[in-house]
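Enquirer:
There are 2 protein chains.
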Amino acid sequence: MQFFNVKKEKKEKKDFVNTVSNEKSDKPVLKLIAVGDGVTKNLTVYEYGNDIIAVDYGIGFPGTDDIGVDFIIPDMRYLLENSHKVRGLIITHAHADHFGAVPHLLKELNLPIYANKLTQAYIQNELEEKQFKGIKDTVKYHLLDATTGVADLGVFKVSAFNVNHSVPGSLGIVIDTPEGRIIHMADYKIDPSPILDPPMSLEQLADISKNGVLCLASDSLGSRSKGSIPSEKTLNDTFPQLFAKYPTQQLFITTISSNISRMYQITDAAIKAGRRVVPMGRSIDSSVKIARSLGYLPFPDNAFVDLKKSFEYTPDTLVYLIAGCFGQKGSALDRLSRGEHRDVIIEKGAIVIFSAEPNPPGVDIDVEDVSSNLVLSGAEVIDHTNFDNLHVSGHGHRDDLFKIAMTVKPKYYVPNGGTPIQMHAYANMICESGVERDKVFELQAGEVVEFSNGYAKKGKKIEVQDLYFDGIGVSPIVIEDRKVLSQDGVFVIIVARSLDENGSTGSYGKIEIVTRGFIYVKEARELVGHAKTLINNLLTKNSEKSDDWGSLKFKIEKEVSRFLFKETGRKPMVIVHSINV
Amino acid sequence: MQFFNVKKEKKEKKDFVNTVSNEKSDKPVLKLIAVGDGVTKNLTVYEYGNDIIAVDYGIGFPGTDDIGVDFIIPDMRYLLENSHKVRGLIITHAHADHFGAVPHLLKELNLPIYANKLTQAYIQNELEEKQFKGIKDTVKYHLLDATTGVADLGVFKVSAFNVNHSVPGSLGIVIDTPEGRIIHMADYKIDPSPILDPPMSLEQLADISKNGVLCLASDSLGSRSKGSIPSEKTLNDTFPQLFAKYPTQQLFITTISSNISRMYQITDAAIKAGRRVVPMGRSIDSSVKIARSLGYLPFPDNAFVDLKKSFEYTPDTLVYLIAGCFGQKGSALDRLSRGEHRDVIIEKGAIVIFSAEPNPPGVDIDVEDVSSNLVLSGAEVIDHTNFDNLHVSGHGHRDDLFKIAMTVKPKYYVPNGGTPIQMHAYANMICESGVERDKVFELQAGEVVEFSNGYAKKGKKIEVQDLYFDGIGVSPIVIEDRKVLSQDGVFVIIVARSLDENGSTGSYGKIEIVTRGFIYVKEARELVGHAKTLINNLLTKNSEKSDDWGSLKFKIEKEVSRFLFKETGRKPMVIVHSINV
Chain V
63 MQFFNVKKEK KEKKDFVNTV SNEKSDKPVL KLIAVGDGVT KNLTVYEYGN DIIAVDYGIG
123 FPGTDDIGVD FIIPDMRYLL ENSHKVRGLI ITHAHADHFG AVPHLLKELN LPIYANKLTQ
183 AYIQNELEEK QFKGIKDTVK YHLLDATTGV ADLGVFKVSA FNVNHSVPGS LGIVIDTPEG
243 RIIHMADYKI DPSPILDPPM SLEQLADISK NGVLCLASDS LGSRSKGSIP SEKTLNDTFP
303 QLFAKYPTQQ LFITTISSNI SRMYQITDAA IKAGRRVVPM GRSIDSSVKI ARSLGYLPFP
363 DNAFVDLKKS FEYTPDTLVY LIAGCFGQKG SALDRLSRGE HRDVIIEKGA IVIFSAEPNP
423 PGVDIDVEDV SSNLVLSGAE VIDHTNFDNL HVSGHGHRDD LFKIAMTVKP KYYVPNGGTP
483 IQMHAYANMI CESGVERDKV FELQAGEVVE FSNGYAKKGK KIEVQDLYFD GIGVSPIVIE
543 DRKVLSQDGV FVIIVARSLD ENGSTGSYGK IEIVTRGFIY VKEARELVGH AKTLINNLLT
603 KNSEKSDDWG SLKFKIEKEV SRFLFKETGR KPMVIVHSIN V
Chain A
63 MQFFNVKKEK KEKKDFVNTV SNEKSDKPVL KLIAVGDGVT KNLTVYEYGN DIIAVDYGIG
123 FPGTDDIGVD FIIPDMRYLL ENSHKVRGLI ITHAHADHFG AVPHLLKELN LPIYANKLTQ
183 AYIQNELEEK QFKGIKDTVK YHLLDATTGV ADLGVFKVSA FNVNHSVPGS LGIVIDTPEG
243 RIIHMADYKI DPSPILDPPM SLEQLADISK NGVLCLASDS LGSRSKGSIP SEKTLNDTFP
303 QLFAKYPTQQ LFITTISSNI SRMYQITDAA IKAGRRVVPM GRSIDSSVKI ARSLGYLPFP
363 DNAFVDLKKS FEYTPDTLVY LIAGCFGQKG SALDRLSRGE HRDVIIEKGA IVIFSAEPNP
423 PGVDIDVEDV SSNLVLSGAE VIDHTNFDNL HVSGHGHRDD LFKIAMTVKP KYYVPNGGTP
483 IQMHAYANMI CESGVERDKV FELQAGEVVE FSNGYAKKGK KIEVQDLYFD GIGVSPIVIE
543 DRKVLSQDGV FVIIVARSLD ENGSTGSYGK IEIVTRGFIY VKEARELVGH AKTLINNLLT
603 KNSEKSDDWG SLKFKIEKEV SRFLFKETGR KPMVIVHSIN V
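Line by line, the protein sequences give chains V and A. Just so we're aligned, residue 63 is where the first sequence starts under our numbering, counting upward by one. Just so we're aligned, residue 63 is where the second sequence starts under our numbering, counting upward by one.
Next comes the structure, spelled out in structure tokens:
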């Protein structure tokens, strides 16, 4: 990919800088580099001398300003520039914001992947996409879970322990370094009675920590939510109750597509209620397939019905497990709610159950839209406003996070997986327990903590730029242009230039104007007329120095922009283009 | 405005239709027309024979798809087409989603406005804008509040009673019609101990309802929230506590700019703590001025300090009342959080208090962004996650709404002010109490209830189209174009045509291509080259029937779009334009 090649050229210069800074001491420093920031697009790099390991490489989701962007991936340049040092990529769990960008990285760098079976299966599933055809069978997987013992990744000794989360097999990572032990805990909660996993063991964590921990990198997403999070077990009665309450209705249940333990609970209750599960939507379908292939859903084959065959059954013998619990546009649930799903139509009195709320930030309006469309289509919506125990989050709340911090009792803290306000709330929580403020590092994207001789300080920030994807890669300039276009449209000015024998402009001819997304064309006639007069005047006035088309073009753009803003209060993108005739 | 004139032509036809449908009976029917739908852009029309009254005319806020739109106003065509029947516009309370579009309506139709003093002052404040210069002094206001008795608006007899809400003086409306009594209650709650208003009287409402109510049109926004909403009084200790907790810090408090009773509480506490209030942000500044001019903030003049003079005071003697509690881009709080406010800079350890959360749908990410920027700038954020009793909503919860319904005991119900899922939850609540389903009308925009001889049914829906504004008016086509532009940018093809003597195309010359927001120009060279070849081939192939430029242009657009999608997976807006040379 063009973008990366350009940047690779910087490599030598970068290595030179590293060498200089390391000259000061013989012993390397241990670096923790927060390449990904915030809640999603996770990537943490650990570096010591000639060894680098990375933890997680997830996708991010576009903000409201990232127009036309499907997803964002973390900057991979540091890994590419230092590819000779990279010993492996560790993935903590099978969520897209932790593994989803791995295929894109693998295209550039075939580094070994350390992950559990489930995460490997999800990555492999992503690699089925056409664009990854070439690398699909070349990935070097290493199994990493609570049973696999210690793996040597250069100077780093890496092992894993169980944590609880909303996807099975989630791992906390123990990284032994020459500077001491790091415990890296991405998304987690403490659940004394999870469905498919063993409960996370605080005793084990205490044991891991007993000889001293240099640094705990911890999830901080739930740091602003009070108390502890309830167990997944609180949902055990939920689905049997719902199936009993609606014995004959057409039933849909929507949940997060990677929430396999929820799928287990739903399928178990469905079988007991005499219903079969119909996976509906690409992401749910993949997840069910992966989960079944790995034994997470140990039910008979006839517990599941393919969507295309579901018409053979009566509604009271099925339950649709449907993707789109966050109201995602284009999801199966969204299409169903608008009567646009190819295979299923909502029947009058159908029940749609949301087993995912309360929602993460940013999706409430979409969920409300879908819910509204569902009731307009004749369905009843069951969600947290009218039924209890429909969902528990995968992220520990404040008291859970604190319990982990007090169990590990590290020398230093690095909150991760949260927004700056969440990381700050984590830091405040830690400091209120007596820890000094300079023992907690709230890192922004690219910021570095350097550990040396048991002491930590912020290092020199690395340059980080997210990579935007809208199917194929896209540069920030393009995104910026789209933003301008989306606000006030485009105003294209075409000027015919006739060249004299010397190739410089002989004279300017006709002016044509094309505009879209700016003002309704019929209303714009007068405005366009005035703009043409303005341009004509500029061309005439500047005809003496007419060979300097570049600066004249710039002048026209500036003057027309000013004119349009004065007249309409809008700032369309003004493009001036000449055509030589 | 062009748009309305075009539509006015339909008037005669429309009147004809009305006449035909009314021929069936001598007696007119009473119509309730839900022109505005959902939570914002409120407009309800009541019509009986030759008389029409309208209730509320508010602005709406753009959805994520309404790119570049600042606000939306309800369709005014029905009022314009029937302007000879319109007796007046009643505004229930001084919130922008209920009165904010009035100036735009007044530009087209100088109808009498029935509202309380505060609402009149807010409307008049809006009319200060340059675009309303001509109508500013021509508005025909009629005072309407709980004291003004019955006003005759044609066949309608209109009076008002106090309700509680988050702006003082909010009104419930009693509309006596030849078909019976309507009670129209837009946004409300029941507060036994409000700050500036009297508590809403259920006894009075029972008395108003005692002879039978045909229809209750009721707020339904809170129908999915359990229980009752707490009183504003629960906040009485909040601000004194906060001022005591942070005696020397730079203090900012952000709240909804129309929440005058909150301003009262804050100012009262500030004075007692030896601080003066600095209004910060246009909307807060206007509100404080209006509220003070009407006696809602009866504090000495020196309780307030102008922002421009605030530098004369030390931080511990001021509190900034700052606009932007929903994290609105460009608001005073947003600019402050990014260090871009002209007049004030955040000091290390500053305290920013959010007195507005939990948030309405759709703003959580913006609030989190602003909060994150604030902590990155060195402030501490106080909000509902770390301090209690910072806000109560202006909308009653489920139990409040039910209490009102059971007090009024109308024959028919029309939930308003909510999304379809909220209106449906309201309907479910009413029906669960034994009311038949066909007594509750859940209306979409344009839907009509017809009351005749004490019986109600849905009437013929009217056509409704929201009007989009981005400073000046903008048509749906323009919005649609912006959406396309924002997704994949624009690809402009310019073809030079030389005309022969007859004015038909002699030959095609040079092709120029300009693209923005589609693909990075440097990467696009090859693609643009291929596109040119494609176009050239099309031009050559079609040169025989070259006078039909229209269909050739269409063909080029289609073929190039297809080519670009095949190559890139993107669908930029392809514009083909010719220039005659």
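From the three backbone atoms N, C-alpha and C, an ideal C-beta is built for every residue, glycine too. As the structure is a computational prediction, the values presented were derived from the model and not from experiment.
1) Between ASN224/V, SER287/V, MET247/V and LEU233/V, which has its C-alpha nearest ARG460/V's C-alpha?
2) Measuring straight from C-alpha to C-alpha, what distance separates TYR108/V and HIS246/V?
3) Which chain A residues sit within Cβ distance under 8 angstroms of VAL212/V?
4) If we ignore side chains and look at the alpha-carbon of each, how far apart do ASP431/V and GLY389/V end up?
5) Counting only Cβ pairs nearer than 7 angstroms, list the residues of chain A close to ASP426/V.
6) Pull up the distance between the alpha-carbon of LYS192/V and that of ASP159/V, whole angstroms please.
7) Return the chain-ordered ranges of every beta strand (DSSP E) run that is complete within the region 287 to 357 of chain A and spans a minimum of 3 residues.
8) Check this for me: beta carbons of PRO260/A and ASN224/A, under 8 angstroms apart or not?
9) Can at least three beta-carbon pairs, one atom from the region 462 to 475 of chain V and one from the region 271 to 291 of chain V, be found at a separation below 8 angstroms?
10) Can you confirm whether MET635/A, when its beta carbon is compared against all beta carbons of chain V, has any partner nearer than 8 angstroms?
11) Which of the three DSSP states is assigned to SER569/A in this structure?
12) Taking the beta strand (DSSP E) that HIS639/A belongs to, which residues open and close that run?
13) Go ahead and pull the three-state DSSP assignment for HIS459/V.
14) Apply the 10 Å Cβ neighbour rule to LEU141/V and answer buried if 16 or more other Cβ atoms are within range, or exposed otherwise.
15) Write down every uninterrupted run of the beta strand (DSSP E) in the region 143 to 198 of chain V whose length is 3 residues or greater and which is fully enclosed by it, in chain order.
16) Less than 8 angstroms between the beta carbons of ASP88/V and LEU105/V, yes or no?
17) Assign GLU442/A to one of three DSSP states: helix, strand, or coil.
18) Short of 7 angstroms Cβ to Cβ, which residues in the region 537 to 564 of chain A face chain V?
19) Taking ASN112/V as the reference, give the member of VAL101/V, GLY150/V and GLY122/V with the closest Cα.
20) With DSSP as the reference, label SER623/V as helix, strand or coil.
21) For GLY571/V, return the contacting residues in chain A, with the cut-off set at a CB-CB distance below 7 angstroms.
22) For ILE318/V, which of LEU276/V, ARG337/V and VAL454/V has the nearest alpha-carbon?
23) Give the interface partners of SER434/A over in chain V, defined as CB-CB distance under 7 angstroms, in chain order.
24) Considering only DSSP beta bridges, list what TYR382/V is partnered with.
25) Taking CB distances under 8 angstroms as the criterion, tell me whether ILE135/A reaches chain D.
26) Let me know if PRO472/V comes out buried or exposed under the rule of 16 or more other beta-carbons within 10 Å of its beta-carbon.
27) Just to check my reading of the structure: ILE413/V and ALA385/V have Cβ atoms closer than 8 angstroms, yes? What is that Cβ distance to the nearest angstrom?
28) Rounded to a whole number of angstroms, what is the C-alpha to C-alpha distance between ILE257/V and GLY231/V?
29) Identify which residue in LEU168/V, LEU359/V, ARG544/V and PRO174/V has its Cα closest to the Cα of LYS198/V.
30) Output, in chain order, the set of chain A residues within a Cβ distance shorter than 9 angstroms of THR209/V.
31) Expressed to the nearest angstrom, what Euclidean distance is found between the alpha-carbon atoms of MET635/A and GLU629/A?
32) Going by alpha carbons, who is nearest to ARG324/A out of GLN186/A, GLU265/A, GLU190/A and VAL229/A?
33) Should the region 468 to 485 of chain V be called in touch with the region 258 to 277 of chain V, which here means at least 3 C-beta pairs below 8 angstroms?
34) Between the beta-carbon of GLY551/V and the beta-carbon of VAL540/A, is there less than 8 angstroms?
35) Under 8 angstroms between C-beta atoms, does VAL502/A make it to chain V?
Expert: From the atom records:
1) Minimum Cα-Cα distance from ARG460/V among the listed residues ASN224/V, SER287/V, MET247/V and LEU233/V corresponds to SER287/V.
2) 11 angstroms
3) Residues of chain A passing the Cβ test: none, with the nearest at roughly 37 angstroms.
4) Straight-line Cα distance between these residues: approximately 7 angstroms.
5) Those within 7 angstroms of ASP426/V in chain A are PRO423, GLY424 and ASP426.
6) 21 angstroms
7) 313 to 316 and 338 to 342
8) yes
9) yes
10) Answer yes: the Cβ-Cβ gap between MET635/A and chain V drops below 8 angstroms somewhere.
11) strand
12) From DSSP, the beta strand (DSSP E) with HIS639/A extends over 635 to 642.
13) HIS459/V sits in coil when the DSSP states are folded into three classes, being neither helix nor strand.
14) buried
15) 148 to 152 and 175 to 177
16) In this structure, LEU105/V does not lie closer than 8 angstroms to ASP88/V by Cβ.
17) strand
18) SER537, ILE539, VAL540, ASP543, ARG544, LEU547, SER548, GLN549, ASP550, GLY551, VAL552, VAL554, ILE556 and ALA558
19) GLY150/V
20) helix
21) Contacts between GLY571/V and chain A, judged by CB atoms closer than 7 angstroms, involve VAL643 in chain order.
22) VAL454/V
23) Within 7 angstroms Cβ-Cβ: THR481, PRO482 and ILE483.
24) PHE314/V and VAL340/V
25) Looking for chain D here will not work: the only protein chains present are V and A.
26) buried
27) Incorrect: roughly 17 angstroms between the Cβ atoms, too far for contact.
28) 11 angstroms
29) LEU168/V
30) By Cβ distance, chain A contributes nothing, its closest Cβ being about 38 angstroms from THR209/V, past 9 angstroms.
31) Near 15 angstroms, if we compare the C-alpha coordinates of GLU629/A and MET635/A.
32) VAL229/A
33) yes
34) yes
35) So, not an interface residue.
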